[in-house]
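In our numbering, the protein residues as written are 318 to 563. Working notes, beginning with the structure itself.
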């Protein structure tokens, strides 16, 4: 039975060498969610596709579904190269954190229009974001993006009151198991957060991605946001992002 050929927008999340000439790509697509595809001959000097299929590239693909798990790329149109981000070490590392978060949180072949839109918006903004005086893992844009992905995946951290007793007074820590902030009475075994950290996380969650770089979060607030993100990954997905150590 002949396979099906279809067209879809996609972002290249990861590219792996498969042979002397081919690469396997992890893609997040607008219509199929996360898929794996093979780009044949892409590593050859005269390849038509090579420069268009770099990590973070936003493309329109023609894909052929065969009998195996990997689909075959038969056509590529470059929509946004995001070359500015790939050529700057700081922005490249920020972009790769976002790409890995997308790959781990939305790893199934199921379309999610809002997640794809958030990914495309994140990469567009990254091209315009100057390098910050911090390590990429603490960049406010990628922290905001990851918090929004957790929300879209159904793991939104509850921060407005204690998840154990409902108290709305001063919150002292974050409980990954309970999925939210806790008061001092229920803080045993939880991850301590500063008041400025909780306020900063709420700001990143409630404002558009475009406003994240101007949020003026303190170093402590950014570290607390990263704590909530990473502990949520470990609790709900059982994983850690390798790119966060860059």
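Ideal Cβ positions, reconstructed from N, Cα and C, are used throughout, including at glycine.
Could you pull the start and end residues of the beta strand (DSSP E) that residue i belongs to?
i, result
"residue 483", "Unbroken run through residue 483: none, as it is neither H nor E."
"residue 407", "That residue, residue 407, is in no beta strand (DSSP E); its alpha helix (DSSP H) goes 406 to 422."
"residue 548", "Segment 536 to 549 is the alpha helix (DSSP H) holding residue 548; no beta strand (DSSP E) there."
"residue 382", "375 to 382"
"residue 556", "Taken as a continuous stretch (DSSP letters only), residue 556 belongs to no beta strand (DSSP E), as it is neither H nor E."
"residue 490", "488 to 492"
Beta carbon of residue i, beta carbon of residue j: below 8 Å?
i, j, result
"residue 370", "residue 347", "no"
"residue 533", "residue 514", "no"
"residue 327", "residue 344", "yes"
Alpha carbons only, please: which of the options is nearest the one belonging to residue i?
i, options, result
"residue 507", "498, 435, 515", "498"
"residue 386", "417, 332, 426, 396", "426"
"residue 416", "549, 431, 331, 539", "331"
"residue 528", "460, 549, 420", "460"
"residue 432", "339, 351, 538", "351"
"residue 462", "402, 322, 453, 436", "436"
"residue 337", "358, 343, 325", "358"
"residue 512", "525, 477, 493", "477"
"residue 414", "398, 393, 392, 455", "455"
My guess is that residue i and residue j are in contact by the Cβ rule of under 8 Å, so how many angstroms apart are they, rounded?
i, j, result
"residue 469", "residue 458", "About 16 Å separates the two Cβ atoms, so there is no contact after all."
"residue 411", "residue 474", "Not confirmed; about 21 Å, so no contact."
Assign residue i to buried or exposed, taking buried as 16 or more other Cβ atoms, counted over all protein chains shown, within 10 Å of its Cβ.
i, result
"residue 500", "buried"
"residue 466", "buried"
"residue 362", "A caution first: residue 362 carries a pLDDT of 48, below 50, which makes its placement in the model too unreliable to give a value."
"residue 446", "buried"
"residue 509", "exposed"
"residue 329", "buried"
Over the uninterrupted alpha helix (DSSP H) stretch that includes residue i, give me the two end residues.
i, result
"residue 400", "400 to 403"
"residue 335", "Unbroken run through residue 335: none, as it is neither H nor E."
"residue 297", "Residue numbering for the chain in the displayed model covers 318 to 563; residue 297 lies beyond these limits and cannot be assessed."
"residue 520", "512 to 523"
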